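Data block below; observations after.
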Amino acid sequence: TVGAVAIDSNGHIAVATSTGGMSGKAVGRIGDTPQIGSGTYADDQVGGVSTTGHGESILKCCVAHSIIKYMGGGKDASTATTLAIQEMTKRLNNTAGAITLSKSGDVGVYFSSNRMAWAYVKNNKIYYGIDHDQTLVTDL
Amino acid sequence: MQPIIIVHGGAGDIPESRINGKLEGVKEAVRVGYKILSSGGSALDSVEAAVVSMENDEYFNAGYGSVLNVRGEVEMEASIMCGKNLDVGAVTLIRDFKHPISIAHKVLTDSPHSLLGGEGAKIFALDKGFETVPPESLISENAKHALESSKNEFGRTEIGVKGDVG
Numbered sequence: 001t002v003g004a005v006a007i008d009s010n011g012h013i014a015v016a017t018s019t020g021g022m023s024g025k026a027v028g029r030i031g032d033t034p035q036i037g038s039g040t041y042a043d044d045q046v047g048g049v050s051t052t053g054h055g056e057s058i059l060k061c062c063v064a065h066s067i068i069k070y071m072g073g074g075k076d077a078s079t080a081t082t083l084a085i086q087e088m089t090k091r092l093n094n095t096a097g098a099i100t101l102s103k104s105g106d107v108g109v110y111f112s113s114n115r116m117a118w119a120y121v122k123n124n125k126i127y128y129g130i131d132h133d134q135t136l137v138t139d140l
Numbered sequence: 141m142q143p144i145i146i147v148h149g150g151a152g153d154i155p156e157s158r159i160n161g162k163l164e165g166v167k168e169a170v171r172v173g174y175k176i177l178s179s180g181g182s183a184l185d186s187v188e189a190a191v192v193s194m195e196n197d198e199y200f201n202a203g204y205g206s207v208l209n210v211r212g213e214v215e216m217e218a219s220i221m222c223g224k225n226l227d228v229g230a231v232t233l234i235r236d237f238k239h240p241i242s243i244a245h246k247v248l249t250d251s252p253h254s255l256l257g258g259e260g261a262k263i264f265a266l267d268k269g270f271e272t273v274p275p276e277s278l279i280s281e282n283a284k285h286a287l288e289s290s291k292n293e294f295g296r297t298e299i300g301v302k303g304d305v306g
């Protein structure tokens, strides 16, 4: 799965997510990605989220909207993302990850899987990583 | 407002051999998306372009390089959402198109609906000028190998428990 969250110069937020699903899936299986609130959510008043990981678990927990609700309740983007993914993993014993932007441009990146590739641009630098507690930096 | 874009390239048990390709791919995707933002473009166009970049890259499970279903076929899905007015567009069970995210964007802008699937999504895409590609052109060697592996470990995540697949 791949995803992107952006805020433009007018302060508008958009989110996109795309996937081939899971290897060996049944013909006709639908995961979290096209289900708004599970794989994708955006609200200019709060922020935006794109998820990846075990689709059936993500959709049962409506992970993208859960993160938005946490932020709407006052959590910062990083805390909200961490809480929602940890709750899903604890409850359903499967892994996932998410990227989040708050309406003010704060970043959230968290994954309970072994790895998740991510990157963002801020102040003409690219911050990126794939392993836990890893943040690499390069010029844009 | 200072524009910002963040992308992900998928979570899971990514092998060492795929790390460099994944990292190069996500860096390219944010460059593509940020170029649109920095020239005054919209967040919607930016996220679509970033995802299109990764749909073109066999290191990612989307577009070309998508994993295969039990019959060895590519069936994809995508969604896009606009935070300004909560407009959404999504497609599912889509085959034979290179960029599901672009079709989803068209559902958002050119349809009264939110989610189109299967044959209906194909009819909509063709009506909007999207062209089909040969099914095999979306299949990568890595996806074929992943399907073989999945026959023994379907639904497994790193925790090691069989996934409850709906």
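Read top to bottom, the protein sequences are chains A and B. Residue 1 is where the first sequence starts when you use this note's numbering, and the numbers rise one by one after that. Residue 141 is where the second sequence starts when you use this note's numbering, and the numbers rise one by one after that. For glycine and all other residues, C-beta sits at the position ideal for the given N, C-alpha and C. Everything numeric in this text was worked out from a predicted model, so none of it was measured.
Which listed residue (the options) has its alpha carbon closest to that of residue i
| i | options | result |
| --- | --- | --- |
| B/Thr272 | B/Pro252, B/Asp250 and B/Ile243 | B/Ile243 |
| A/Ile126 | A/Trp118, A/Ser102 and A/Asp133 | A/Trp118 |
| A/Gly37 | B/Asp267, B/Val228, B/Ser251 and B/His285 | B/Val228 |
| A/Ala6 | B/Cys222, B/Tyr204, B/Ser280 and B/Asn160 | B/Cys222 |
| B/Ala169 | A/Ser23, A/Thr33, A/Gly21 and A/Ala16 | A/Ala16 |
| A/Leu83 | A/Ser112, A/Gly55, A/Asn10 and A/Ser104 | A/Ser112 |
| A/His12 | A/Ser102, A/Leu136 and A/Lys75 | A/Ser102 |
| B/Thr232 | B/Val247, B/Lys175, B/Met216 and B/Ile241 | B/Met216 |
Backbone CA spacing between residue i and residue j [nearest angstrom]
| i | j | result |
| --- | --- | --- |
| B/Ser289 | B/Gly180 | 45 Å |
| B/Ile90 | B/Glu259 | Given that chain B is displayed from residue 141 to residue 306, the structure contains no residue 90 of chain B and the question cannot be resolved. |
| A/Asp106 | B/Ala230 | 26 Å |
| A/Ile58 | B/Lys167 | 25 Å |
| A/Gly39 | B/Ser219 | 8 Å |
| A/Val27 | A/Thr33 | 16 Å |
| A/Ala4 | A/Ala42 | 11 Å |
| A/Ser104 | B/Glu188 | 21 Å |
Nonlocal neighbours in the same chain, by C-beta distance under 7 Å from residue i, ignoring five residues either side
| i | result |
| --- | --- |
| A/Arg115 | Ile130 and Asp131 |
| A/Lys60 | Leu92 |
Residues of its chain near residue i, where Cβ-Cβ distance is below 8 Å and the 5 sequence neighbours each way are ignored
| i | result |
| --- | --- |
| B/Leu177 | Pro143, Ile144, Ile145, Ala183 and Ser186 |
| A/Thr208 | For chain A, the structure presents residues 1 to 140; residue 208 of chain A sits outside this window and is missing. |
| A/Leu136 | Tyr127, Tyr128 and Gly129 |
Same chain, Cβ closer than 6 Å to residue i, five either side skipped, listed in chain order
| i | result |
| --- | --- |
| B/Val207 | Asn201, Ala283 and Ala286 |
| A/Thr81 | Ile67, Ala98, Thr100, Gly108 and Tyr110 |
| A/Ser18 | Val2 |
| B/Val147 | Val166, Ala169, Val170 and Ala190 |
| B/Ile234 | Met216, Pro240 and Ala261 |
Start-to-end residues for the alpha helix (DSSP H) that takes in residue i
| i | result |
| --- | --- |
| A/Met71 | Val63 to Gly72 |
| A/Ser50 | Taken as a continuous stretch (DSSP letters only), A/Ser50 belongs to no alpha helix (DSSP H), being part of the beta strand (DSSP E) at Gly47 to Gly53. |
Bounding residues of the beta strand (DSSP E) (the contiguous stretch that carries residue i)
| i | result |
| --- | --- |
| B/Glu217 | Met216 to Cys222 |
Using a Cβ-Cβ cut-off of less than 8 Å, give me the residues of the region 146-172 of chain B that come near chain A, in sequence order. Ile146, Val147, His148, Gly149, Gly150, Ala151, Gly152, Asp153, Ile154, Ile159, Lys162, Leu163, Gly165, Val166, Lys167, Ala169, Val170 and Arg171
Name the residues in the region 107-122 of chain A whose C-beta lies less than 7 Å from a C-beta of chain B; which are they? The residues in question are Val107, Phe111, Ser113, Asn114, Arg115, Met116, Ala117, Trp118, Ala119, Tyr120, Val121 and Lys122.
Give, in chain order, every residue of the region 230-245 of chain B whose Cβ lies closer than 7 Å to some Cβ of chain A. Ala230, Val231, Thr232, Leu233, Pro240 and Ile241
Can you list, in chain order, the residues of the region 189-221 of chain B whose Cβ is nearer than 8 Å to any Cβ on chain A? Ala190, Val191, Met194, Glu195, Phe200, Asn201, Ala202, Gly203, Gly205, Ser206, Val207, Leu208, Asn209, Val210, Arg211, Glu213, Val214, Glu215, Met216, Glu217, Ala218, Ser219, Ile220 and Met221
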